[in-house]
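Here the structure is laid out as structure tokens; the discussion comes afterwards.
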Amino acid sequence: MSGGTFLGMPAFPEASAAAVRDSQLRFNLRKATHTIRGKRAAVVGELDDWAELRAAGKAIKDETLRNLDRYLLQLEEAVTRAGGTVHWAADAAEANRIVAGLVKATGETSVVKVKSMATQEIGLNEALAAEGVAAYETDLAELIVQLGDDWPSHILVPAIHRNRAEIREIFLREMPDAPRDLADDPRALAEAARLHLRDRFLSARVAVSGANFMVAETGTLVVLESEGNGRMCLTLPETLISVVGIEKVVPTWRDLEVFLQLLPRSSTGERMNPYTSTWTGVTPGDGPREFHLVLLDNGRTSVLADEVGRQALRCIRCSACLNVCPVYERAGGHAYGSVYPGPIGAILTPQLRGLDSPLDNSLPYASTLCGACYDVCPVAIDIPSVLVDLRAKAVRAGGHRAERAGMRAARWLFSREVRLARAQRLAGRLRRFVPGRLPGPGAAWTDTRDLPPIPEESFRDWWTRTSGGAKP
Amino acid sequence: MSSRDLILSRIRAAVAGAPETEIPRAYARGGASGADLADLFAERVRDYRAAVRAVPADGVADAVAAALAARGARRLAVPAGLPEEWLAGTEAERVADEPPLTPAALDGLDGVITGCAVAIAATGTIVLDAGPGQGRRALTLVPDYHLCVVTAGQIVDGVPAALERLDPLAPLTWISGPSATSDIELNRVEGVHGPRTLEVVIAL
Ligand code: SF4
Chain A
1 MSGGTFLGMP AFPEASAAAV RDSQLRFNLR KATHTIRGKR AAVVGELDDW AELRAAGKAI
61 KDETLRNLDR YLLQLEEAVT RAGGTVHWAA DAAEANRIVA GLVKATGETS VVKVKSMATQ
121 EIGLNEALAA EGVAAYETDL AELIVQLGDD WPSHILVPAI HRNRAEIREI FLREMPDAPR
181 DLADDPRALA EAARLHLRDR FLSARVAVSG ANFMVAETGT LVVLESEGNG RMCLTLPETL
241 ISVVGIEKVV PTWRDLEVFL QLLPRSSTGE RMNPYTSTWT GVTPGDGPRE FHLVLLDNGR
301 TSVLADEVGR QALRCIRCSA CLNVCPVYER AGGHAYGSVY PGPIGAILTP QLRGLDSPLD
361 NSLPYASTLC GACYDVCPVA IDIPSVLVDL RAKAVRAGGH RAERAGMRAA RWLFSREVRL
421 ARAQRLAGRL RRFVPGRLPG PGAAWTDTRD LPPIPEESFR DWWTRTSGGA KP
Chain B
1001 MSSRDLILSR IRAAVAGAPE TEIPRAYARG GASGADLADL FAERVRDYRA AVRAVPADGV
1061 ADAVAAALAA RGARRLAVPA GLPEEWLAGT EAERVADEPP LTPAALDGLD GVITGCAVAI
1121 AATGTIVLDA GPGQGRRALT LVPDYHLCVV TAGQIVDGVP AALERLDPLA PLTWISGPSA
1181 TSDIELNRVE GVHGPRTLEV VIAL
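For the protein sequence lines, the chains are A and B, in the order given.
Everything in the first sequence is counted per the working numbering, starting at 1 for the first residue and increasing by one.
Everything in the second sequence is counted per the working numbering, starting at 1001 for the first residue and increasing by one.
This is the structure in structure tokens:
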């Protein structure tokens, strides 16, 4: 496995070994995952019919996937009837092209964004930047990740690997309007983010979002959030573009009664998240005048073709499986090398991207098969079984790996300079394990360039200043 | 082949021969509504650290006036169709959304007062559907203070009953407490981009 290691994105065993040695990261993760686990257990325990809701959620998703063609056509018709426009994107490049084209047609050079895993998966921000369009993340955690030129490490709390002192430093460095005497308490930091984004929201003309659910019957899209940045993006701009994976469709309006109970309780451990927005096409005089829905495949149909693995498409991205996973707790989200970390990432990423990079080939092993993920999953995805099945496939793919592995992984990393820059920054955390020179196909690239030095992580400064805070 | 046809044909090939699934709906669907649920609703709203005043139906004007006075709110967005009597006790200036207020104008107001379409006791949620007395979505989003009047008949027990009462074609906003974030070390901070203060008056 280690023969395929390359800068910043080592295979899971190397990346996780580095993260496990990082005590601050481990402490942050432990504290965060244990807190949220307790909250989830309490609000799930309140519902006597949790098991029945879970069974219904699983079955609704299975039934949808079985008839996905029909539901997507029904959705398309309903959205169109309500004044929206539906686009179909077979892969990331096509989705990016469609969105860039739509933004440019408005004449705008910037967009505001609501946290969306689909747009991270396709690298939309980088693609828009290449077309001269700036994409501003507005979710607090995404903002921290974007300003820190970093990668998300948790589905729900993408900046879970950053502590308050690091966030303060990032804000002071990257936000011109942050007060110079900014304190490092969460309230002050949230206030700084509010001020920073306020004018941007009030003047934004184009927004890009994802969606948690799309209702085939009515053409309704649903976004759950906490901060209100979602409402800002979905309501104030003139044009709204939503990029959504094809597996997010549910058949009927009534089906939401299951998912609007399962998701908030599993996700943030709340009875309900602060804000849920639903919209159907466009509403004259209220919200965007133009609505575009980009339906994204990008590997999902190949996941669907796998009898065992297709259940991963039931995932509603609640992140409960991350919070109970002993491997995630120790390794952190970055070690999974994908926007989908944790147990779900370990089964989804290799299926979406194929098993032939060393990283993706190693992901099915990023588990102790303890089964905790399956127990908490609100749509009963049997993650351990899919892992075992993928391990068998990983072994079979092994024969071809030597030829394809390096190329595929390197292509993903080098396809955009931004990604490489981030990989190098990430390497700060993993730097003892990172070669100074890229192996394999990357060698030619590094031989002609000086790799920037890998900086010391800034949390160490905070560690010194606050005498280490509370230690694990 | 268009991408649409390509995706659809990939799907059809992928699921060919896969079994159909029956959907078991053995979960509780409830369906109760009314004043009996007001205590639970109030308790659940308070859990989100929103202020709640439960008053008899003829006490709404006083409760609204008291809330606005305590807040120091002098200029309020008032959506079309809001019952006039709710504002009978306050001197606050009423700003109508006609012609539509710009985001900057909304930002300059002290708050907004609305009714709602449905309220959910189990989750402490109010749902706005842009109907009479609620206004378009921006109205309850940009001002920093939202005062919402819920009448007893609007309270339902759970999520299924709420969805049954709501029109999917209307733009809906489900509100459970003030805006919040837990993005920094999972510490909950109330008040980010949405209204930082939510206050609810329940008319029994
Ligand atoms: S796999 Fe299940 S538990 Fe994990 S994020 Fe998806 S829905 Fe949640």
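A virtual CB, placed ideally from N, CA and C, is assigned to each residue, including glycine.
The structure displayed is predicted, hence computed values, not measured ones.
Identified DSSP bridge partners for residue i
i: A/S110; result: A/A134
i: B/E1093; result: B/R1075
i: A/W279; result: A/L221
i: A/M214; result: A/L221 and A/V249
i: A/V208; result: A/K113 and A/I241
i: A/L293; result: A/V86 and A/S242
i: B/A1203; result: B/V1055 and B/T1151
i: B/L1128; result: B/T1173
i: B/G1111; result: B/L1076
i: B/V1118; result: B/V1127
i: A/D181; result: Answer is none; A/D181 lacks a bridge partner.
i: A/H286; result: This sequence places Asp at residue 286 of chain A; His is not what is there. A/D286 is bridged to A/T283.
Check: residue i C-beta below 6 Å from any heavy atom of the ligand SF4
i: A/A372; result: no
i: A/A320; result: yes
i: A/G160; result: It is worth fixing the name first, because residue 160 of chain A is Ile in this sequence and not Gly. The answer is no for A/I160.
i: A/R317; result: yes
i: A/V515; result: Summary: the structure shown does not reach residue 515 of chain A, with chain A confined to residues 1 through 472, and so no result is reported for it.
i: A/I60; result: no
i: A/I246; result: no
i: B/I1113; result: no
i: A/I344; result: yes
CA nearest to the CA of residue i, picked from the options
i: B/P1019; options: A/E63, A/G371, A/E46 and A/F27; result: A/E63
i: A/S266; options: A/A41, A/L29 and A/R26; result: A/A41
i: A/L390; options: A/A55, A/R271, A/L352 and A/K39; result: A/L352
i: A/A380; options: A/P326, A/C318 and A/L355; result: A/C318
i: B/I1007; options: A/P364, A/D297 and A/G371; result: A/D297
i: A/E191; options: A/N125, A/M175, A/G345 and A/S203; result: A/M175
i: A/V243; options: A/V222, A/N229 and A/E257; result: A/V222
i: A/E142; options: A/H154, A/L387, A/N67 and A/Y336; result: A/H154
i: A/G285; options: B/L1101, B/A1065 and B/P1024; result: B/L1101
i: B/V1078; options: B/R1049, B/G1131, B/A1026 and B/D1183; result: B/G1131
i: A/M214; options: A/R231, A/E247, A/G332 and A/N229; result: A/E247
i: A/G123; options: A/A105, A/D139 and A/W151; result: A/W151
i: A/A32; options: A/P343, A/G333, A/S385 and A/I383; result: A/G333
i: B/E1091; options: B/A1032, B/A1067, B/D1097 and B/L1106; result: B/A1067
i: A/L65; options: A/L369, A/P350 and A/A305; result: A/A305
i: A/V79; options: A/R164, A/A55 and A/T220; result: A/T220
i: B/A1028; options: A/F27, A/S23 and A/A51; result: A/A51
i: A/G281; options: A/R254, A/E307 and A/T235; result: A/T235
Same chain, Cβ closer than 6 Å to residue i, neighbours up to 5 away in sequence not counted
i: A/L348; result: A312 and Y340
i: A/Q120; result: V339
i: A/L240; result: A207, P288 and F291
i: B/A1121; result: L1037, L1040, F1041, I1155 and D1157
i: A/Q74; result: A216
i: A/R271; result: V43
i: A/A134; result: S110
i: A/N323; result: T33, I36 and R37
i: A/G371; result: P384
i: A/A444; result: Low confidence applies to A/A444: its pLDDT is 33, below 50, so where it sits in the model is not reliable, and the reading given next is rough at best. Same-chain partners within the cutoff: there are none.
Same chain, Cβ closer than 8 Å to residue i, five either side skipped, listed in chain order
i: B/G1072; result: D1110
i: B/V1150; result: F1041, G1115, C1116, A1119, I1126, V1200, V1201, I1202 and A1203
The ligand SAH heavy atom lying under 6 Å from the CB of residue i
i: B/R1010; result: Judged by which ligands are present, the ligand SAH is missing from the structure shown, whose ligands are the ligand SF4.
7 Å Cβ shell around residue i - same chain, five flanking residues per side excluded
i: B/T1181; result: V1189 and V1192
i: A/V157; result: A32 and A141
i: A/G57; result: V258, F259, L262, P378 and V379
* Any alpha helix (DSSP H) of 4 or more consecutive residues that is wholly inside the region 1139 to 1199 of chain B -> 1159 to 1165
* If you scan the region 57 to 103 of chain A from start to end, which runs of the beta strand (DSSP E) of 3 or more residues do you find wholly inside it? -> 85 to 89
* Quick one: which unbroken beta strand (DSSP E) runs of 3-plus residues sit fully inside the region 1025 to 1081 of chain B? Chain order, please. => 1051 to 1055 and 1075 to 1077
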